[in-house]
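*Asks:* Next up is a structure, given as structure tokens.
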Amino acid sequence: MDEEEKILEAAKKLTPSKPTTLKDMTKWRSFFENWNSYMSQCRGAAAIPLSYVYRTNEQPETALVGTYVNMDAYLVAQTVLSGSNFEIDNQRVFDEFKEAITTTGPGWSFIKTYNRSKDGRAAILKLKEQAEGTLNESVRRDDAIKILSTTTYNGPSCNWNIDMLLQKFQYAISELVEIDGVALPDGQLVTYLVQALKDPSLSYVRDTIRTNATYRNSFPEAQLFVKTFVSSSTSKSENTPRQVNDVQTSGSGASGGSKKGGTGKGASKPTPFKGAVTARSYTPGEWKSLSKDQQEKVRSLRNKKKQGGKPEESERSVDSVARDEPVDTKEVHTSSEMEPTSDAAGLQFGR
């Protein structure tokens, strides 16, 4: 039998990985899936996958070999659970299972009675029944429906995103298929999905799914539409801050300062003026470093000086102010004008 020979040849080259030990009975399903995969790769005394030892039906099936997906599936279903080969395999399976659940794990107390006989089949089916009984199926079904009806998405956070929501939905759907053999109708699943999308920014998505027959009647299409839309929106929002930063940086000049009159990103605040405030002339940098109160004091001192000073002093004062506070060239100053009167000057010095 060519297929059987190929399978056996491949098995010789394969070193299956042992499953992670069972430390929590609530993790039974994932543990058992890994365990079953491991046993399916391990060969017994007659080169048959060891998973045949604990198959559900004790009596072998009688279907034709052509009805099975491969020779391994045929052997697992139709090998007799008796004889010397079975006894060898059964004890080996018990030892492997004991190692997997550990004698300090939560499952050991349920199979400890089989430790002397090393009845692997009985031990596995006993613990499986304990973990997956009729009551357990009812609880699993209720939990799956609860996931679909109560899980929500209010926007991305550090530990929650749209992919996680869709993964939870898919897990619940898989649970229902495994328990009942069929999934819920697509229309009902889509309704659950739309109800889960609480994020206000997804109102367009909700409305589109409700009004589009393709999305409304196909959960796979609807969830793909949701994922694509959210992923696209997330990508755009991540790029926006970087673009704004580029604009601000380019507007601030090579030295990192801002344009005159602006407060571009990177502009440094002027150092507060610490000297004595007098009516003297100030450089533009010094004037900016003055507080509003200090600027008003300068104006007041200059006004007093203007009122009591000599004409030549007034002219010098006017000249000083003209240097300190730029004015509109259209304005004409007299000896009595000590402060700039144009709008440009007012903005320059905070008036």
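Numbering (the UniProt record's numbering), first residue to last: 1 to 351.
All residues carry an ideal CB built from backbone N, CA and C; glycine is no exception.
(1) Leaving out five residues on either side along the sequence, give the residues of the same chain with a beta carbon under 6 angstroms from the beta carbon of Ile-48.
(2) Please go through the same chain and pick out, in chain order, the residues whose beta-carbon is closer than 6 angstroms to the beta-carbon of Trp-28, but skip the five residues on each side of it.
(3) Take Phe-273 as the anchor and find which of Trp-287, Asp-95, Phe-86 and Thr-191 has the nearest alpha-carbon.
(4) To the nearest angstrom, how far is the alpha carbon of Ser-231 from that of Leu-184?
(5) Candidates Ser-203, Ser-233 and Val-194: which alpha carbon is nearest Glu-221's?
(6) Drop a sphere of 10 angstroms on the beta-carbon of Asn-159, count the other beta-carbons inside from all chains shown, and report buried for 16 or more, exposed for fewer.
(7) Rounded C-beta distance between Lys-23 and Gly-105? I'm assuming under 8 angstroms.
(8) Starting from Gln-188, trace the alpha helix (DSSP H) both ways and give me its first and last residue.
(9) Looking at the strands, I want to know which residues DSSP matches up with Trp-160.
(10) If you pair each beta-carbon of the segment 165 to 176 with each one of the segment 132 to 148, do three or more pairs fall below 8 angstroms?
(11) For Arg-210, is the classification buried or exposed, using 16 other Cβ atoms within 10 angstroms of its Cβ as the cut-off for buried?
(12) The alpha helix (DSSP H) with Glu-96 in it runs from where to where?
(13) Ile-162 and Val-93 look like a contact to me (Cβ under 8 angstroms); what is the Cβ gap, rounded to whole Å?
(14) Is the Cβ-Cβ distance between Phe-86 and Ala-123 less than 8 angstroms?
(15) Which class does Arg-280 belong to by DSSP, given the choice of helix, strand or coil?
(16) Assuming Ala-107 contacts Met-25 under a Cβ cut-off of 8 angstroms, what Cβ separation, rounded to an integer in Å, is found between them?
(17) When you compare only the Cα positions, how much space is there between Gly-275 and Leu-290?
(18) Can you tell me where the alpha helix (DSSP H) holding Thr-208 begins and where it ends?
(19) Starting from the C-beta of Val-277, find all residues in its chain whose C-beta is less than 8 angstroms away, skip the five residues before and the five after it, and write them out in chain order.
*Replies:* So, from the listed chains and residues:
(1) Leu-75 and Thr-79
(2) Ala-131
(3) Trp-287
(4) 27 angstroms
(5) Val-194
(6) exposed
(7) 6 angstroms
(8) 186 to 196
(9) Ser-157
(10) yes
(11) exposed
(12) 84 to 101
(13) With a Cβ gap of about 43 angstroms, Ile-162 and Val-93 do not count as contacting.
(14) no
(15) coil
(16) Note that residue 107 is Gly in the sequence shown, not Ala. Confirmed, about 7 angstroms.
(17) 10 angstroms
(18) 203 to 211
(19) Leu-290, Gln-294, Lys-297, Val-298 and Leu-301
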